[in-house]
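Counting from 4, one number per residue, gives the positions in the sequence shown under the working numbering.
Below is one structure; the comments refer to it alone.
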Amino acid sequence: MTYNKEYIGERIQRKRNSLNITQEQLAEMINTSKNTISNVERGENPPSVEFIVNICNVLGEDPNYYILGEIPKDDIETYDNTLLKLSPQERKFVNDFLNYLIEKKRNS
Numbered sequence: 004m005t006y007n008k009e010y011i012g013e014r015i016q017r018k019r020n021s022l023n024i025t026q027e028q029l030a031e032m033i034n035t036s037k038n039t040i041s042n043v044e045r046g047e048n049p050p051s052v053e054f055i056v057n058i059c060n061v062l063g064e065d066p067n068y069y070i071l072g073e074i075p076k077d078d079i080e081t082y083d084n085t086l087l088k089l090s091p092q093e094r095k096f097v098n099d100f101l102n103y104l105i106e107k108k109r110n111s
C-alpha cells in the first residue's frame, strides 16, 4: 500500500462524521485548529505523526487504518461471518455492488 494524503483525509473525515463530531469539536479534542483539520481532510497538508496519534486516541482505529487504509482484522472477520450467512447469489450481488462503488470512486 502507498501513502496518499488525500485518502488519509477521507478516512479521517469518514470516521469523524460517523461519530457525529464536527471539525471544530475534533480540533478542540486534539488541540489544533479547525483549519488544520480541514486541510488534512481535503488532502491539502499531510498529517504529522503526532496528528495521527491524536486522531487515533480520539476517533479510534489503528494508525494503519488512517495511513494505509488497512481494515482491522476484527472487522474483516465480522464481514466474513456476515457474508457466510448469505446465499451464493446474494454474495455475488454484494461483490458486484462493492466493485461498482470502487469503480465509481476511481472515476470521480
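Note that beta-carbon positions come from the ideal geometry of N, C-alpha and C, so glycine has one too.
Three-state secondary structure assigned by DSSP to residue i
i: E13; result: helix
i: T39; result: helix
i: Y6; result: coil
i: S111; result: coil
i: N20; result: helix
Own chain, CB closer than 6 Å to residue i, minus 5 neighbours either side, in chain order
i: L37; result: Checking the displayed sequence, the identity of residue 37 turns out to be Lys instead of Leu. Only Q26, E27, A30 meet the Cβ criterion.
i: N7; result: none
Inter-residue CB distance, residue i and residue j (contact presumed, cutoff 8 Å)
i: P66; j: C59; result: 6 Å
i: I11; j: I79; result: At roughly 20 Å, the Cβ-Cβ gap does not stay under 8 Å, so I11 and I79 are not in contact.
Close Cβ partners of residue i (< 7 Å) along its chain, the five nearest in sequence each way excluded
i: G63; result: none
Check your understanding: Where in the stretch 35-108 do unbroken runs of the alpha helix (DSSP H), each at least 4 residues long, occur, reported from the N-terminal end onward?
Key -> 37-44, 52-62, 66-71, 76-87
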